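Below: one structure, written as structure tokens.
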């Protein structure tokens, strides 16, 4: 429902014609109403609509025309129907008029030699109340169907690939004999790789042999097949993928293993030319990473009669996260194949350090919590023996902690830094040992003095002749404690960049320092800048 518009008494009577419309649209937008522009007054809906058309058949299309506003049927409405192919060829043109119920039907007779494809159906209605339109696609089934009975999705270089097809007459619902069939294998740039010809037998079947060159690169190709007979034509297209003559298929190939565990690996060697397993293929396996050095195979054997080979190896007993690189090589009569795989080696014990900041200050004290987790048991590592060695880069500080984890796999210790360790880097090396596994981790932290600076003035705006009272607060950047006896270089600049004052300030016991600047009575107006510099401040 549209909102009621109440014009105020003071609203001028003489207005432009579009002013009232603009006001109406504004009120409609505010009240939440919606206007629909461009909707046809007439709606055409199908009540009988065949979506697929067979050759040499009659089909009835039925539609009802209603008014969009009232949803009532619209009688005596002229109707124009047009059925065309994608290339614009007109299959049928129909003109009529809706009956008293707003309905109209028309019949389409498909051709005996009907080409396959998609037809476009357009219905238009025009009455005194407005216009309506309906559009839809209709699938035209061809007179001849080419049914793939044997058509692989993958082909291999140097292979002989049989293609078996059946030619089927949709009109008479039976296979068709003696139909010439042509096939063409092309690349994406339309380069022809092979041309094939054949003729269907009494069962409507035709077998084509696709001989592929041995130097064919691994890439997608397209197979186009055409059949032509007195009753019609058939056409299909298929995308094929060129694969290697021999491939290695993963059957059991873990992505990650625990350190020190036994790893089982299973692959199958496939002969893609003959489409069978490559039985008794020679297989070599190389490993690198951890305790394994590249160059000597860990396996030199052959696959079984099913082309399958299974082998085991021991993952490196590393205390840090690591990776193994596996290289598998297979040699069959039809060709060779290689396969590379990366395996992540997960340490059995995972160590994490809680409470260690990115930066600590000289003389600070930090409580740190070390947590040891058993990845294989998926539980905390209880009663793990720990050694924690801490050393700075300059060799001025060394400290060791030893302990046992509790039931939660945790151990707490306190890091006390002397005041003379500054501008340095601390290395924390942690080793953990249980009855079944070992683990290690390295952590690091920066040791550096640091300050937080807070600059305040007694007010934000000054007039010439007034005094700027500046106050500086210096805090430790880690503990936020006031820092006494700290020197700070203060500078104040006017709006033109002229230096008004430069002074060295020393903080009090509460980390506070102050300075005053009396402005000249002819001081330049604008934004003034206060800079404070301290070593290690930010």
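Residue numbers (the working numbering): -9 to 528.
C-beta: ideal position from N, C-alpha, C; glycine also.
Bear in mind the structure is a predicted one, so any value in this text is a computation, not a measurement.
query                                                                                                                                                          : result
Figure out for me which residue from 149, 145 and 269 has the closest Cα to the Cα of residue 212.                                                             : 145
Tell me whether the beta-carbon of residue 478 lies closer than 9 Å to the beta-carbon of residue 451.                                                         : no
Quick check on this structure: which residue in 511, 484 and 489 has the alpha carbon closest to the alpha carbon of residue 518?                              : 484
Smallest Cα separation from residue 84: which of 204, 407 and 95?                                                                                              : 95
Would you identify the three-state DSSP class for residue 263, choosing helix, strand or coil?                                                                 : coil
For the beta strand (DSSP E) holding residue 79, just list the boundary residues, first then last.                                                             : Unbroken run through residue 79: none, as it is neither H nor E.
Once you ignore the five residues that flank residue 11 on each side, which residues in its own chain have a CB closer than 8 Å to its CB?                     : Confidence at residue 11 is low in this model, with a pLDDT of 40, below 50, so its placement is unreliable and no value can be given for it.
Does DSSP put residue 271 in a helix, a strand or coil?                                                                                                        : coil
Here's the rule I'm using: 16 or more other beta-carbon atoms within 10 Å means buried, otherwise exposed. How should residue 48 be labelled?                  : exposed
Answer yes or no: do residue 225 and residue 78 have a C-beta to C-beta separation smaller than 9 Å?                                                           : no
Can you tell me which residues form a DSSP beta bridge with residue 209?                                                                                       : DSSP, once it has assigned bridges, lists no residue as partnering residue 209.
Which runs of the beta strand (DSSP E), 3 residues or longer, sit entirely within the segment 213 to 265?                                                      : 222 to 232, 236 to 242, 246 to 248 and 252 to 261
Taking 9 Å as the threshold (C-beta atoms), are residue 69 and residue 88 in contact?                                                                          : yes
So who's on the other strand from residue 47, going by DSSP bridges?                                                                                           : Residue 47 pairs with nothing; no bridge assigned.
Thinking just about the alpha-carbon of each residue, which of 65, 119, 123 and 185 is nearest to the one in residue 35?                                       : 123
To which residues does DSSP link residue 475 through a beta bridge?                                                                                            : None, per the DSSP bridge assignment.
Determine the extent of the beta strand (DSSP E) in which residue 587 is found, giving its start and end residues.                                             : Only positions -9 to 528 of the chain appear in this structure, which leaves residue 587 out of reach.
Pull the bridge partners of residue 134 from the DSSP assignment, please.                                                                                      : 159
Is residue 391 helix, strand or coil by DSSP?                                                                                                                  : strand
On the criterion of 16 or more Cβ atoms from any shown chain inside 10 Å, does residue 512 qualify as buried, or is it exposed?                                : exposed
Buried or exposed for residue 121, please, with buried defined as at least 16 other CB atoms from any protein chain shown within 10 angstroms of its CB.       : exposed
Assuming residue 462 and residue 473 are in contact, meaning their beta carbons sit under 8 Å apart, how far apart are those beta carbons, in whole angstroms? : Going by Cβ atoms, the distance from residue 462 to residue 473 rounds to 11 Å, so no, they are not a contact pair.
Nearest CA to the CA of residue 261: which residue from 387, 270 and 254?                                                                                      : 270
Once the 5 residues before and after residue 365 are set aside, which same chain residues still bring their CB inside 8 Å of it?                               : 248, 336, 337, 338, 339 and 340
Take residue 65 as the anchor and find which of 157, 75, 258 and 86 has the nearest alpha-carbon.                                                              : 86
Please classify residue 310: is it buried, with 16 or more other beta-carbons within 10 angstroms of its beta-carbon, or exposed?                              : exposed
Between the beta-carbon of residue 376 and the beta-carbon of residue 392, is there less than 9 Å?                                                             : yes
Which residues does DSSP pair with residue 124 in a beta bridge?                                                                                               : 113
For residue 403, which of helix, strand or coil comes out of DSSP?                                                                                             : strand
For the putative contact between residue 332 and residue 313, defined by C-beta atoms under 8 Å, what is the C-beta separation to the nearest angstrom?        : 6 Å
Per the DSSP calculation, residue 170 is bridged to which residue(s)?                                                                                          : 189
What's the C-alpha gap between residue 154 and residue 194?                                                                                                    : 10 Å
Rounded to a whole number of angstroms, what is the C-alpha to C-alpha distance between residue 381 and residue 387?                                           : 6 Å
My guess is that residue 442 and residue 476 are in contact by the Cβ rule of under 8 Å, so how many angstroms apart are they, rounded?                        : Not a contact, Cβ separation roughly 11 Å.
Is residue 208 buried or exposed, if buried means 16 or more other CB atoms sit within 10 Å of its CB?                                                         : exposed
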